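> Numbering (the working numbering), first residue to last: 2 to 310.
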Amino acid sequence: MYKDEWFIMNYTLSLSNDQATDVIEKFKEHQVEPTNNYTLFRAKYKSATLTIFKTYTLIVQGSGAQKVFEEICSLLGLEVAEKEEKPQVKTELHSIIGTDEVGTGDFFGPIVVAGAFVPKNKIPYLMRLGIKDSKKMSDERVRAVAPILMKELPYSMLVLDNLKYNFLTRVRGCNMNKLKAHLHNNVIYKLLQIVKEYDRIVIDAFTTKEKYFEYIKDEKIKVENVDLEEKAESKHLAVAAASIIARYGFILEFDRLSKEVGLELPKGAGGKVDLAISKIMKLKSERFFDRIAKTNFKNFERYKRKDSI
């Protein structure tokens with residue numbers, strides 16, 4: 002496991018262009034050379050290192066990070082956000098391929114499965130970046146961090162759009178876990194065309210290992226040396242990184258669908274989704290939902306029952 006000194010105190014902010022300019026102006030006398038091509042500005046000041054990435058994500062770390070972060074918040078007129086004392090993911094020092102999925106609980110939008118390879122020499126960098134399960138991150142943070150991961154790490158991603166999802170569930174009789182198993186298997190296979198040396202392949206468990214292989218038994222190519230672990234995104238940086246990349250792909254597709262519909266679609270499958278269905282149905286036909294939603298969800302069934310009364 003990691004040595005304690007690798008658990009660095011991190012403070013993060015998503016900046017606007019103007020805010021980034023203000024921070025750079027304040028700390029320009031303390032500027033140092035960047036450590037990679039994705040860094041816009043880097044400085045060392047009062048026992049802390051502050052980094053602004055080209056995505057305008059600011060990270061402050063080091064023993065003096067809290068005071069420097071408070072100075073930056075004061076400069077920008079922001080309330081001091083809660084500090085992130087330790088990374089959310091503790092992982093063994095192995096080179097791991099991890100996979101995770103997003104969108105399975107959302108009525109609107111696709112299912113996205115992503116895989117990421119984190120070699121052990123990249124682990125300290127990802128920890129400094131504050132990588133954690135995407136469910137614990139805001140959309141804005143995901144938009145800022147995911148492009149960095151996609152440049153730094155070998156990855157693969159598959160998007161199952163709504164038209165194909167509805168065909169496979171309605172006509173082919175596939176259930177959600179079978180679809181996910183096929184997507185994970187194919188994402189891993191794609192990634193193995195790039196990555197040749199690794200220690201483990203870890204899937205964020207959504208079923209048992211026995212059922213997983215039953216779901217993919219008809220696949221022509223099956224990757225068999227995989228482990229399924231519950232809450233793997235909190236144990237392995239590779240799975241956490243995959244969850245961020247998958248959510249980023251989901252967000253982009255969700256934005257596209259919202260523009261197509263003409264309103265901001267709600268995520269999840271709660272009451273706001275039911276209201277959105279009613280609004281859209283006044284403007285579009287029932288068949289339109291095949292393009293934007295998972296029509297076997299109870300939200301749609303409830304609306305159709307109510308509409309038929």
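We put the CB at the ideal spot given by N, CA and C, even for glycine. Note that the structure is predicted; figures quoted are calculated from it, not measured.
Take Thr209 as the anchor and find which of Ala115, Glu231 and Lys218 has the nearest alpha-carbon.
The shortest C-alpha separation from Thr209 is found at Glu231.
> In this structure, does DSSP put Val146 in helix, strand or coil?
Note: Val146 maps to helix in three-state DSSP.
> Closest to Leu1 by C-alpha separation, out of Lys152, Ala49 and Asp19, would be which residue?
Outside the shown range of the chain, which is 2 to 310, sits residue 1, and nothing can be said about it.
> What's the C-alpha gap between Gly131 and Leu193?
Answer to the nearest angstrom: the Cα atoms are 26 Å apart.
> Looking at the strands, I want to know which residues DSSP matches up with Asp205.
Asp205 is bridged to Glu230.
> When the distance is taken between beta carbons, is Thr22 closer than 8 Å to Ile60?
Not closer than 8 Å, so no.
> With 16 as the cutoff for other CB atoms within 10 Å, does Asp107 come out buried or exposed?
With 16 or more Cβ atoms within 10 Å of its Cβ, Asp107 is classed as buried.
> Runs of 4 residues minimum, wholly inside the region 31-92: which ones carry the alpha helix (DSSP H) assignment?
Segments of the alpha helix (DSSP H) lying fully in the region 31-92: 66-77.
> Relative to the C-alpha of Pro155, which residue among Lys181, Gly116 and Lys179 is closest?
Of the listed residues, the one whose Cα sits closest to Pro155 is Gly116.
> If you draw a straight line from the alpha carbon of Ala294 to that of Lys181, how long is it in whole angstroms?
If you take the alpha carbons of Ala294 and Lys181, they lie about 17 Å apart.
> Within this structure, are the beta carbons of Tyr190 and Val224 separated by less than 8 Å?
Contact: yes.
> Please go through the same chain and pick out, in chain order, the residues whose beta-carbon is closer than 8 Å to the beta-carbon of Glu211, but skip the five residues on each side of it.
Excluding sequence neighbours, Glu211 sits near nothing in its chain.
> So, is Pro125 buried or exposed, given that buried needs 16 or more other C-beta atoms within 10 angstroms?
When all chains shown are included, Pro125 counts as exposed.
> How about Ile204: is its C-beta nearer than 8 Å to some C-beta of chain D?
Here chain D cannot be found, since the structure has a single protein chain.
> Among residues of its own chain, excluding the 5 on either side of Tyr39, which ones have a beta-carbon nearer than 7 Å to its beta-carbon?
Phe54, Lys55, Ile149 and Lys152.
> What residue does the beta strand (DSSP E) around Ile112 start on, and which one ends it?
Taken as a continuous stretch (DSSP letters only), the beta strand (DSSP E) holding Ile112 covers Ile112 to Val119.
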